[in-house]
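Participant: Have a look at this one.
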Ligand code: MN
Ligand code: MN
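In the numbering used here, the protein residues as written are 13 to 477.
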């Protein structure tokens with residue numbers, strides 16, 4: 013009796029794996045294989061957008077600039093300064109009824125080079141860095157790092173850099189103190205163990221062969237770079253060079269149920285939404301996919317979600333549909349629905365004390381819906397309206413998608429934010445949702461293949477609604 017009643021009334025919280033048969037498992041593993049392959053070619057926001065454009069082009073999407081007019085079924089995109097991208101399929105219903113938007117970000121925590129990065133000390137050459145986003149600095153020493161980015165010369169020539177990913181490439185690293193001499197360092201608080209100014213990348217040690225010249229190792233490095241790329245030291249000032257872990261994305265665990273990779277926040281949601289969008293045809297409501305930049309440092313700047321570039325893209329759609337009129341953009345946003353698809357913190361049994369076990373997100377329990385983010389009293393939260401959460405639940409339940417409703421950490425401990433509030437401020441109904449991640453913002457983050465597939469299914473169902 014009690015068991016029956018419990019079955020009927022309880023919100024069961026179980027691992028999704030328990031209902032996975034062999035054929036579903038094949039689908040789940042196939043999706044994760046494609047995801048890992050994609051990650052290995054797209055570690056930075058520029059690389060992600062480059063690969064996304066290639067994928068979109070091969071699925072019949074075209075730059076919106078190429079269209080004079082738009083009609084239902086048309087597939088368009090806009091690439092914003094090679095760092096962010098918006099894609100859309102025009103729906104059969106009037107866009108005045110609102111759009112179905114999924115928005116993620118493609119930037120991840122990393123180390124950027126300073127504008128004057130190169131120096132020599134005791135016959136060793138270094139690059140100085142300035143970290144990007146919230147990192148635990150000690151995690152970024154003594155791991156293999158690769159160098160990615162662009163150097164733009166004054167004549168406009170853009171040189172793409174990618175060193176450390178190919179097995180034949182050298183890698184780079186930031187050194188740390190040996191334990192034998194680290195007594196003082198070990199007494200420090202963990203956050204002060206490594207200073208930001210000490211995150212310097214070791215890049216060379218052979219001097220230029222000339223007795224008279226000073227800074228011989230720096231000169232030798234610049235000579236190598238000049239021969240390879242035709243650049244001088246001053247060209248670093250117009251460059252964007254990022255240091256990221258040189259690790260490959262790999263299957264994890266004896267059962268291979270998880271993915272370990274750099275940059276899964278938020279490329280796991282970016283990839284799964286992009287993959288879902290590539291399979292869409294003839295949607296009822298205009299489907300929009302946002303791949304934004306600069307989320308990790310507050311979404312500012314003209315490639316971040318706070319900028320008006322997204323409004324420009326939607327205005328162009330309205331113009332090319334031939335229906336634009338004053339304030340229509342506002343109306344479209346007010347009637348739109350959005351999933352702000354960003355990763356959630358996965359409950360970690362080793363660090364259980366920071367989470368409320370009843371409300372945490374768990375690896376393997378499917379997509380995490382986060383009604384509100386923010387921290388300590390919901391500060392800064394975009395809190396999804398109950399009516400909208402019910403609508404989202406209905407979409408998931410009728411598509412048999414396993415989901416969990418979660419909160420990021422204990423009330424007084426901390427919290428986080430996403431791009432949700434930006435669209436919510438325009439009047440759109442927004443809910444945060446995404447894949448739970450362990451070791452978030454670390455050089456190597458962990459996700460469950462089950463949740464990756466669940467995210468993909470969720471995004472597809474949301475757009476097909
Ligand atoms: Mn994120
Ligand atoms: Mn993040």
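Cβ atoms here follow ideal geometry from the backbone N, Cα and C, with glycine treated the same way.
Nearest by alpha-carbon distance to residue 49: which of 274, 378, 297 is it?
Facilitator: Reading the chain shown from its first residue, position 37 is the one you call residue 49. Measuring from the Cα of residue 49, the nearest candidate turns out to be 274.
Participant: Between the beta-carbon of residue 101 and the beta-carbon of residue 298, is there less than 8 Å?
Facilitator: Here residue 101 is taken as the residue at index 89 of the chain shown, counted from 1. Here residue 298 is taken as the residue at index 286 of the chain shown, counted from 1. Their beta carbons are under 8 Å apart, which means residue 101 touches residue 298 by this criterion.
Participant: So for residue 195, helix, strand or coil by DSSP?
Facilitator: The count along the chain shown starts at 1 and reaches residue 195 at position 183. Helix, per DSSP.
Participant: So if I measure from each beta-carbon to every heavy atom of ligand 2 and keep distances below 6 Å, which residues remain?
Facilitator: Answer in sequence order: 277, 308, 453.
Participant: Any contact between the region 238 to 250 and the region 435 to 444? By contact I mean 3 or more CB pairs, one from each, below 8 Å.
Facilitator: Segments in contact, no.
Participant: If distances are taken between C-alpha atoms only, which option among 223, 87, 216 comes closest to residue 230?
Facilitator: One-based indexing of the chain shown puts residue 230 at position 218. Cα-wise, what sits closest to residue 230 is 216.
Participant: Less than 7 Å between the CB of residue 444 and some heavy atom of ligand 1, yes or no?
Facilitator: As a working note, residue 444 is residue 432 in the chain shown. Checking the Cβ of residue 444 against ligand 1 gives no.
Participant: What does residue 92 pair with, by DSSP beta-bridge criteria?
Facilitator: Taking the chain shown and counting its residues from 1, one reaches residue 92 at position 80. 96, per the DSSP bridge assignment.
Participant: Short check: CB of residue 424 to CB of residue 388, under 8 Å?
Facilitator: Working through the chain shown from its first residue, we reach residue 424 at position 412. Working through the chain shown from its first residue, we reach residue 388 at position 376. For residue 424 and residue 388, yes; Cβs fall inside 8 Å.
Participant: Can you have a look at residue 195 and say buried or exposed, based on whether 16 or more other CB atoms are within 10 angstroms of its CB?
Facilitator: Locating residue 195 in the chain shown gives position 183, where the first residue counts as 1. Classification of residue 195: exposed, given that the 10 Å Cβ count is below 16.
Participant: Going by other Cβ atoms of all chains shown within 10 Å of its Cβ, with 16 needed for buried, is residue 369 buried or exposed?
Facilitator: In the chain shown, counting from the first residue as 1, residue 369 sits at position 357. Under this definition residue 369 is an exposed residue.
Participant: Between residue 25 and residue 288, which are expected to be in contact by the criterion C-beta below 8 Å, what is the C-beta distance as a whole number of angstroms?
Facilitator: Position 13 of the chain shown, counting from 1, holds the residue named residue 25. Position 276 of the chain shown, counting from 1, holds the residue named residue 288. Between residue 288 and residue 25 the Cβ distance is about 25 Å, and since that is not below 8 Å, they are no contact.
Participant: Put residue 128 into one of helix, strand or coil per three-state DSSP.
Facilitator: What you label residue 128 is simply residue 116 of the chain shown in a count that begins at 1. Strand.
Participant: Buried or exposed: residue 192, going by 16 or more other Cβ atoms within 10 Å of its Cβ?
Facilitator: Your numbering for residue 192 matches position 180 in the chain shown. Answer is exposed; the Cβ neighbour count stays below 16.
Participant: Under a three-way DSSP split, which group does residue 109 fall into?
Facilitator: The sequence position of residue 109 within the chain shown is 97, counting from 1. Helix.
Participant: When we look at the beta-carbon of residue 221 and count the other beta-carbons within 10 Å, is it buried (16 or more) or exposed?
Facilitator: One-based indexing of the chain shown puts residue 221 at position 209. Answer is exposed; the Cβ neighbour count stays below 16.
Participant: With distances taken from CA atoms, which of 439, 413, 73 is nearest residue 346?
Facilitator: Numbered from its first residue, the chain shown carries residue 346 at position 334. The option with the nearest alpha carbon to residue 346 is 439.
Participant: Do the region 244 to 261 and the region 168 to 188 meet, that is, are 3 or more Cβ pairs less than 8 Å apart?
Facilitator: Judged by Cβ distances under 8 Å, the region 244 to 261 makes contact with the region 168 to 188, as three or more pairs qualify.
Participant: So is the beta-carbon of residue 284 under 7 Å away from any non-hydrogen atom of ligand 1?
Facilitator: One-based indexing of the chain shown puts residue 284 at position 272. Every heavy atom of ligand 1 is 7 Å or more from the Cβ of residue 284, so no.
Participant: Taking the straight line between their C-alpha atoms, what separation do you get for residue 175 and residue 56?
Facilitator: The residue labelled residue 175 in the question sits at position 163 within the chain shown. The residue labelled residue 56 in the question sits at position 44 within the chain shown. Straight-line Cα distance between these residues: approximately 13 Å.
Participant: I'd like the list of long-range same chain contacts for residue 232, defined as Cβ closer than 8 Å, with 5 residues on each side in sequence excluded.
Facilitator: As a working mapping, residue 232 is identified with position 220 in the chain shown. Excluding positions up to five away in sequence, the list reads 137, 216, 218, 219, 220.
Participant: If contacts are defined as beta-carbon pairs under 8 Å, then residue 356 and residue 446 qualify, I think. What distance do you get, rounded to the angstrom?
Facilitator: Here residue 356 refers to the residue found at position 344 when the chain shown is read from its first residue. Here residue 446 refers to the residue found at position 434 when the chain shown is read from its first residue. That belief holds up - the Cβ atoms of residue 356 and residue 446 are roughly 5 Å apart, short of 8 Å.
Participant: Check this for me: beta carbons of residue 11 and residue 378, under 8 Å apart or not?
Facilitator: Because the chain is modelled from 13 through 477, residue 11 falls outside the range shown and cannot be assessed.
Participant: Report the option in 429, 190, 467, 32 whose CA atom is closest to the CA atom of residue 309.
Facilitator: Here residue 309 refers to the residue found at position 297 of the chain shown. Ranking 429, 190, 467, 32 by Cα distance to residue 309 puts 429 first.
Participant: Mind reading off the beta-carbon distance from residue 162 to residue 252? Whole number of angstroms is fine, and I expect it under 8 Å.
Facilitator: Working through the chain shown from its first residue, we reach residue 162 at position 150. Working through the chain shown from its first residue, we reach residue 252 at position 240. Yes, residue 162 and residue 252 are in contact; Cβ-Cβ is about 6 Å, under 8 Å.
Participant: Residue 362: buried (16+ other C-beta within 10 angstroms of its C-beta) or exposed?
Facilitator: As a position in the chain shown, residue 362 is number 350, starting the count at 1. So residue 362 counts as exposed.
Participant: Beta-carbon within less than 7 Å of residue 315's beta-carbon, same chain only, minus the 5 sequence neighbours each way: which residues are those?
Facilitator: Locating residue 315 in the chain shown gives position 303, where the first residue counts as 1. Taken in chain order, the residues that qualify are 92, 93, 95, 96, 305, 306.
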